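The structure under discussion appears below in the form of C-alpha cells.
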C-alpha cells in the first residue's frame, strides 16, 4: 500500500526497486531538489505560479532533514513511501517546467496547480510524520502482529492523497470486522480527525467508506462518540445524510447522528448545524432504516430544552404524528411516541399543537396495542388537560385507558393511572362516574400492590379522585383488597409519598362500618398517629373516626 499513486512514480522511484536503503533514497531525493528549483525558476509562462512552486520546493530540504533525523526513519515503510512520492513530484516538476510555452495554456495552468497541490501534500506529510507521532506509532512493535497493521492503517489515514487514504479506509474496515477491539485500543484523536475529514472527500466512494467506519466507531460507545463530536463530525454527517450520493452513505450518516444525539451536547450541535431540518426531511422521504434512525435522533433532540425551538420551526409535531400513524415497523412509531411524550412534557404550546394536529386520536389508537407503549400513554396524559372531557369521551379515551390498566406494563399502567386522575379531576362530576363505569376502580385497586412505588402512588391518587363519587366508593368497598392495600400505604417513612392519597381514599371508605373494622384490624391507627404528628393532611380526621369506633367498642365490651 503506497501513500499515493502517480504515473511518474515508477520512473522516479526506480532506484528503490534496485534495493536502495532509506538513506540512499533520501540522498537521491535531496539531490533532485536543486534541479527542480532551477527548472521552476527558469520556466517560461505563468511566472507567479512558478514562483510559488519554487518557494515550496525550497522548503523541502528542511522538511527532509527533520524526517531523516527521526529515530524511526530508517525502519519505517511510511518514510520510504513518502520519499518515493516526493521523488515522483520532483520529477514531474522538472518535466513540467521544461515544456515549451504556448502548448495548451489552460491545460498547462491546470497541471501547474495540480503540481502545487501535490507539493503541499508532500510538505504537510513530512511535518505530520515528525511532529504528530504518526511515525513512532507506526514503528513501535506492539504485542500482536495484527496491531502493527492497525497502527499503520491509522497512520495512513492522515498522510498522502485521497486515493491512498481510501485504500487505508478499506483496510480499516477489514480490521474492524476482524478485531474491533484492537482498532479501538489503537485509535487516537488525530485518527478520528482524519476520518472526519474524509467525510467530505471529493470521491463519493471514500465518503461512503468513511461514514461506515465512523458509524461503527459511534456504535462501539465509550470515548469514540465524544471524540467524533469534538472533532467536528456533526456538520459533515448532516450534509452526507441529506445529500449523500449513495444510499449506504446516507444511512450510515443518519445512524451515526442517532447514536451521537443521545448525548445532550451532541444533540445541541446537531440542532445548531441545521440537523433538525435534515432529520425531519428524512422522516418524510427516507427508506425504513433511515426513517427510524432520523426519528430516533429527533426523539433525542426533543429531550434537550435548548433544541426545542429548532424542532418547532421544522414542524416536528405534524411529522411525529404522521409517523405514529404511518411509520414503519422498524422503530419509527416507537420513536415518534417517545418524541411526542418529550414534546408534550415541555410546554402548553406543544400540547395544544399535538391536540390540534390529530395527535390525540393517533395516541389513542396506539393504546389499542396488546402491549401499549408507556411513552404513548404518558403523552396522552400530558395533553388530556388541553382538550375538553367531551372530546376525550367521544374519541374513546376511557375504555382505552382501562385497557392499559388491565394489560399494560407497570410503567404504562402508572401513566394510565395518572391520566385517569387528570380526567376524573376535570371538575365535571359526570367524568368520575364515567371513568368508574368503564371498570377502572378494581384495576386501580389491584395496582395498589404493584412493586413500583410510583405505580402505587399513581393508583392511590387516581382512586382518591374517583372515590369522591359515591358509586366509585361503593365499588372500592366491595373489593376485599382495597382497605388492606390502602392501609399499607399509610407507612409514614419518608420514601412513601403515597400516604396522603391513601388517607383520602380511606376517608371516602370509612362511612362503612365493615371498612372501619378492617382499617383498625390492619393497624391503621398506629400509622395515623404518626402521620398526625407529621401533620399529613386528613390523618387527624381519619384517626378520630377510627378511635371513636374503637372507644364505642370498648364501652360495649365493659358493659
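Numbering (full-length UniProt numbering), first residue to last: 1 to 559.
All C-beta atoms in this analysis are idealised placements derived from N, C-alpha and C, irrespective of residue type, glycine included.
All of these numbers come straight from a predicted model, not from anything done at the bench.
In terms of residues, what are the limits of the alpha helix (DSSP H) holding residue i?
i, result
"residue 494", "Careful: residue 494 lies outside any alpha helix (DSSP H) and carries neither H nor E."
"residue 208", "204–220"
"residue 56", "47–68"
"residue 361", "359–366"
"residue 423", "410–424"
"residue 381", "374–383"
"residue 174", "162–186"
"residue 344", "332–346"
"residue 196", "189–198"
"residue 442", "440–447"
"residue 100", "No alpha helix (DSSP H) holds residue 100; DSSP gives it neither H nor E."
"residue 71", "Counting along the chain, residue 71 falls outside any alpha helix (DSSP H), and DSSP gives it neither H nor E."
"residue 620", "There is simply no residue 620 to check, as the chain begins at 1 and stops at 559 in what is shown."
"residue 327", "Where residue 327 is concerned, there is no enclosing alpha helix (DSSP H), given that its DSSP letter is neither H nor E."
"residue 112", "105–131"
"residue 467", "Premise fails: residue 467 is in no alpha helix (DSSP H) and is neither H nor E."
"residue 27", "22–42"
"residue 536", "Here residue 536 belongs to no alpha helix (DSSP H), and DSSP marks it neither H nor E."
"residue 394", "389–394"
Going by C-alpha to C-alpha distance, which of the options sits closest to residue i?
i, options, result
"residue 80", "417, 469, 160", "160"
"residue 374", "307, 344, 392, 410", "410"
"residue 113", "154, 47, 205", "47"
"residue 240", "265, 262, 282, 218", "282"
"residue 488", "508, 521, 468, 469", "521"
"residue 296", "272, 531, 309, 342", "342"
"residue 560", "531, 56, 493", "The structure shown has nothing for residue 560, since the chain only spans 1 to 559."
"residue 66", "123, 238, 217", "123"
"residue 389", "425, 213, 252", "425"
"residue 56", "72, 69, 34, 68", "34"
"residue 359", "412, 446, 377, 207", "377"
"residue 384", "450, 372, 364, 370", "364"
"residue 115", "185, 177, 368, 36", "36"
"residue 264", "303, 246, 293, 294", "303"
"residue 494", "511, 453, 509, 472", "453"
"residue 220", "249, 232, 179", "179"
"residue 22", "69, 41, 39", "69"
"residue 52", "63, 62, 40, 61", "40"
"residue 63", "128, 323, 460, 308", "128"
"residue 442", "402, 468, 457, 201", "402"
"residue 269", "289, 293, 310", "310"
"residue 317", "344, 332, 334, 328", "344"
"residue 499", "459, 511, 517, 97", "459"
"residue 379", "338, 396, 395, 357", "338"
"residue 319", "356, 335, 280, 350", "280"
"residue 31", "50, 60, 246", "60"
"residue 249", "267, 277, 290, 225", "290"
"residue 223", "491, 185, 101", "185"
"residue 267", "350, 305, 242", "305"
Could you tell me if residue i is buried or exposed, where buried requires 16 or more neighbouring beta carbons within 10 angstroms of its beta carbon?
i, result
"residue 89", "buried"
"residue 256", "buried"
"residue 506", "buried"
"residue 107", "exposed"
"residue 285", "exposed"
"residue 211", "buried"
"residue 414", "buried"
"residue 561", "The question about residue 561 has no answer here: the residues shown for the chain are numbered 1 through 559."
"residue 407", "exposed"
"residue 478", "exposed"
"residue 144", "Here residue 144 scores only 45 on pLDDT, less than 50, and its place in the model should not be relied on; the value that follows carries that caveat. So residue 144 ends up on the exposed side."
"residue 109", "exposed"
"residue 182", "buried"
"residue 422", "buried"
"residue 130", "buried"
"residue 541", "exposed"
"residue 331", "buried"
"residue 10", "Model confidence at residue 10 stands at a pLDDT of 37, short of 50, so the residue's coordinates are unreliable and nothing is read from them."
Inset, instruction - Just list the alpha helix (DSSP H) runs in the segment 237–325, keeping only unbroken ones of 4 residues or longer that don't cross its boundaries, in chain order. - result: 247–260, 264–272, 275–285, 288–302, 308–313
Inset, instruction - Please specify which runs of the alpha helix (DSSP H), each continuous and at least 4 residues long, are wholly inside the segment 495–533, giving them in chain order. - result: 499–509, 513–521, 524–533
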